[in-house]
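Report on the structure given below.
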Amino acid sequence: MPTWLIALDRHFPIRYLTLLAASLALLAGLSSWFALHQGLWLALLGAAGLVIGIRDLRQTRHALLRNYPVIGHVRFLFEWVRPEIRQYLLESDREAVPFSRQQRSLVYQRSKGESDKRPFGTQLDVGQAGYEWINHSLQPSTLAGHDFRVRIGGDRCSQPYSASLFNISAMSFGALSANAILALNGGAKAGGFMHDTGEGSISVHHRQHGGDLVWEIGSGYFGCRDADGRFDEAKFEANARDPQVKLIELKLSQGAKPGHGGMLPGPKVSIEIASARGVPVGVDCVSPASHSAFSTPLGMLQFLDRLRQLSGGKPVGFKLCIGHPWEWFALAKAMAESDLLPDFIVVDGAEGGTGAAPLEFSDHVGAPMQEGLRLVHNTLVGLNLRSRIRIGCAGKIVSAFDIARALALGADWCNSARGFMFALGCIQAQHCHADTCPTGVATQDPLRQQALVVPDKTRRVANFHRQTLEALQELVQAAGLSHPDQISPAHIMRRVSHQEVSPLDRLLATVAPGALLAAERGQADWPQAVFGRYWALARSDSFQLAKVPGDGGAGKPGPAAFGQPARSPVQTGALSTTAAV
1014 MPTWLIALDR HFPIRYLTLL AASLALLAGL SSWFALHQGL WLALLGAAGL VIGIRDLRQT
1074 RHALLRNYPV IGHVRFLFEW VRPEIRQYLL ESDREAVPFS RQQRSLVYQR SKGESDKRPF
1134 GTQLDVGQAG YEWINHSLQP STLAGHDFRV RIGGDRCSQP YSASLFNISA MSFGALSANA
1194 ILALNGGAKA GGFMHDTGEG SISVHHRQHG GDLVWEIGSG YFGCRDADGR FDEAKFEANA
1254 RDPQVKLIEL KLSQGAKPGH GGMLPGPKVS IEIASARGVP VGVDCVSPAS HSAFSTPLGM
1314 LQFLDRLRQL SGGKPVGFKL CIGHPWEWFA LAKAMAESDL LPDFIVVDGA EGGTGAAPLE
1374 FSDHVGAPMQ EGLRLVHNTL VGLNLRSRIR IGCAGKIVSA FDIARALALG ADWCNSARGF
1434 MFALGCIQAQ HCHADTCPTG VATQDPLRQQ ALVVPDKTRR VANFHRQTLE ALQELVQAAG
1494 LSHPDQISPA HIMRRVSHQE VSPLDRLLAT VAPGALLAAE RGQADWPQAV FGRYWALARS
1554 DSFQLAKVPG DGGAGKPGPA AFGQPARSPV QTGALSTTAA V
């Protein structure tokens, strides 16, 4: 900065020049008006700047504006448009925050029925660690179609359901607009796949098209609660026996904010939302962090069995994001001891989405889908229960390869939320929590949601589902398989370094059938350190840790419980999926 400017700044801070310019513009405009009857616009502009500047100097909320009156607003303007500038001008095609332009474009093209082909080869760096691919066969297979199905429903289920391998994940009416729900359910009806209601229960918009529903029941028991927010059997039975409801899903936790309750402020609780959830209009709608209908693993399985009975024998299961391993083990022990099995389990990954969540929860709470899904799959295999329980999963799944990889990890089917939002026209503006969604998807503003034309978006939802499964069919054929359920970790390759690649079955731990039962009897070693550390501490009658010899205190496993710290990744990581080599 020149010396004269520094000297001027000491006597009259140059940050106030904008305020001075506004004052001079006001004086010049007024002088011109009185002398020549011209320049009123200049006076008004100067007056506006002066008023804003004085207000900035007097306000106490923003220190920046007190020091930089008027011009400081430019900073807030740039901050406001920064996401759009980044997304449209600066962001690369493969930069995922949280979904890359390439991922979004794939959904847009498939949903519109446009070509999803790419010219000139891959844009991925195939030499970079982490690159993955599926091995192909020299004798590709030929499949009759893309409508792959999985049967959901165990021994105690009298109304099993044949589900698509790709379905709409949980998104509530209230988080999404009425038109979005209408289009999603219309697409599910047209394509023959499931639409999860989210914990906001079943609204009139879910019912209009008649698409198959997964009724998700959260800790608020919306749609099946009494006046005090407790579970109401009669209300549950009335909804659960609706032929449109195919599955009942008990939500224990959500990937994007596990262990966190929620509240819909009273002003947002409209007549439609209140009717669907069974709550008063205009009153804060609270979802507690935990359930009140049960408090133990055995109690939860008994509750699920009761839900199955009340629903008339429909498939009943639960959704969770893996947190404390011993709590999942407690559920698994309760299943093995009681033989009260859920028909399905949905594993939600920490990379999943939400309309609004604290940053710490979105970024640092819960296990990612790979670790959670692999732990659930391996546990059930080790207890010889895997063939009796289906597993679904969710967590940033938008492409056929995403589905194939999830199936290799142990899933029977996949759910997607944001993928189907993109099919509705979502542009990842990330205004979901502000009720200002620019495409009418995640808003309750009646004017904004009018932009979403239901018939057009219904077609797009069905197109995206169909073309994604057609792409999965092509992958399965290329691998020489006859069904996606044959995809195993051995089919997926991962580059570990520039010089080394490995199939996932060498990188991810695999548990042999019955291995946990044998380890419990002392006939074999624990297949993974996470089981050796926590299995003995898990209790079927409580989610709390059992007290064992060497316990450092109630609920605090001590050194005797864990043994000496090990060096290998499989021993040091409680949820490590790395295989011992």
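Each residue of the sequence shown is one higher than the one before, counting from 1014 in my numbering.
Glycine included, every Cβ here is placed at the ideal spot set by N, Cα and C.
Residues near residue i in its chain [Cβ-Cβ closer than 8 angstroms; skip 5 each side]
{"i": "W1017", "result": "none"}
{"i": "G1158", "result": "Q1486"}
{"i": "A1370", "result": "A1269, K1270 and H1273"}
{"i": "V1294", "result": "V1282, S1283, I1284 and A1287"}
{"i": "P1096", "result": "A1442 and Q1443"}
{"i": "V1594", "result": "Only weak support exists for where V1594 lies, its pLDDT of 30 falling under 50; the value from the coordinates is given anyway. So the qualifying residues of the chain are R1519."}
{"i": "R1243", "result": "Y1234, S1305 and A1306"}
Residues that residue i bridges to, as DSSP identifies them
{"i": "S1555", "result": "R1552"}
{"i": "E1212", "result": "E1212 is not bridged to any residue."}
{"i": "K1332", "result": "K1264 and V1359"}
{"i": "S1515", "result": "R1507"}
{"i": "F1244", "result": "R1238"}
{"i": "E1229", "result": "E1262"}
{"i": "R1162", "result": "S1177"}
Cβ-Cβ separation, residue j to residue i (assumed contact under 8 angstroms), whole Å
{"i": "T1481", "j": "R1123", "result": "6 angstroms"}
{"i": "V1489", "j": "L1156", "result": "6 angstroms"}
{"i": "S1515", "j": "V1509", "result": "6 angstroms"}
{"i": "G1366", "j": "A1430", "result": "6 angstroms"}
{"i": "C1597", "j": "G1326", "result": "This structure gives no information on residue 1597, because the portion of the chain shown stretches from 1014 to 1594."}
{"i": "N1391", "j": "L1530", "result": "Contact doesn't hold; Cβ gap of about 13 angstroms is too wide."}
{"i": "G1059", "j": "L1039", "result": "3 angstroms"}
{"i": "R1055", "j": "A1041", "result": "In the sequence under discussion, the amino acid at residue 1055 is Leu, which differs from the Arg named in the question. Yes, L1055 and A1041 are in contact; Cβ-Cβ is about 6 angstroms, under 8 angstroms."}
{"i": "S1555", "j": "T1309", "result": "6 angstroms"}
{"i": "I1335", "j": "L1388", "result": "6 angstroms"}
Close Cβ partners of residue i (< 6 angstroms) along its chain, the five nearest in sequence each way excluded
{"i": "I1027", "result": "none"}
{"i": "G1126", "result": "N1476"}
{"i": "A1587", "result": "The pLDDT assigned to A1587 is 44, lower than 50, so where the model puts this residue is not dependable; a value taken from the coordinates is nonetheless given after this. Result list for A1587: P1338 and V1543, in chain order."}
{"i": "H1024", "result": "none"}
{"i": "S1214", "result": "F1235, G1236, A1289 and R1290"}
{"i": "R1403", "result": "I1165, F1357 and D1425"}
{"i": "G1211", "result": "A1183, M1184, S1185 and E1229"}
{"i": "Q1116", "result": "V1411"}
{"i": "D1022", "result": "none"}
{"i": "W1548", "result": "F1342"}
Contact set for residue i: own chain, Cβ-Cβ below 7 angstroms, skip 5 residues either direction
{"i": "A1567", "result": "Residue placement at A1567 is poorly supported in this model, since its pLDDT is 48, which falls under 50; the coordinates still yield a value, given next. K1560, listed in sequence order."}
{"i": "A1436", "result": "V1120, S1124, R1473, V1474 and F1477"}
{"i": "E1483", "result": "H1159"}
{"i": "N1080", "result": "R1028"}
{"i": "L1314", "result": "A1347, M1348, S1351 and L1353"}
{"i": "I1019", "result": "none"}
{"i": "S1553", "result": "P1310, L1311, A1343, K1346, A1347 and E1350"}
{"i": "P1505", "result": "Correcting the residue type first, residue 1505 is Ile in the shown sequence and not Pro. Here the set comprises E1145, I1147, R1418, A1421, P1516 and L1517."}
{"i": "L1226", "result": "H1208, T1210, I1215, H1219, Q1257, V1258 and K1259"}
Inset, instruction - Run through the segment 1100 to 1147 for me and flag every whole beta strand (DSSP E) of 3 or more residues, listed as ranges in chain order. - result: 1145 to 1147
Inset, instruction - Pair every Cβ in the segment 1284 to 1291 with every Cβ in the segment 1421 to 1434, then say whether three or more of these pairs are closer than 8 angstroms. - result: no
Legend entry - Three CB pairs or more closer than 8 angstroms across the segment 1247 to 1261 and the segment 1333 to 1342: no
Inset, instruction - Report yes or no: do three or more beta-carbon pairs, one from the segment 1298 to 1309 and one from the segment 1228 to 1235, lie closer than 8 angstroms? - result: yes
Inset, instruction - With a floor of 4 residues, list each alpha helix (DSSP H) that falls wholly inside the segment 1259 to 1311, ordered by position along the chain. - result: 1284 to 1290
Inset, instruction - Assess, as a yes-or-no matter, whether the segment 1460 to 1471 is touched by the segment 1183 to 1202 under the definition of 3 or more beta carbon pairs within less than 8 angstroms. - result: yes
Inset, instruction - Could you tell me which uninterrupted beta strand (DSSP E) segments, each at least 3 residues in length, are contained entirely in the segment 1171 to 1208, listed from first to last along the chain? - result: 1174 to 1177 and 1179 to 1181
Inset, instruction - Could I get the ranges of all uninterrupted alpha helix (DSSP H) runs contained in the segment 1403 to 1430, with 4 residues as the minimum, in chain order? - result: 1413 to 1422
Inset, instruction - Count the CB pairs spanning the segment 1530 to 1543 and the segment 1211 to 1221 that are closer than 8 angstroms, and state whether there are at least three. - result: no
Inset, instruction - Would you check if there are 3 or more beta carbon pairs closer than 8 angstroms linking the segment 1441 to 1456 to the segment 1404 to 1421? - result: no
Legend entry - Completely contained alpha helix (DSSP H) runs for the segment 1366 to 1393, where each covers 4 or more residues: 1372 to 1377
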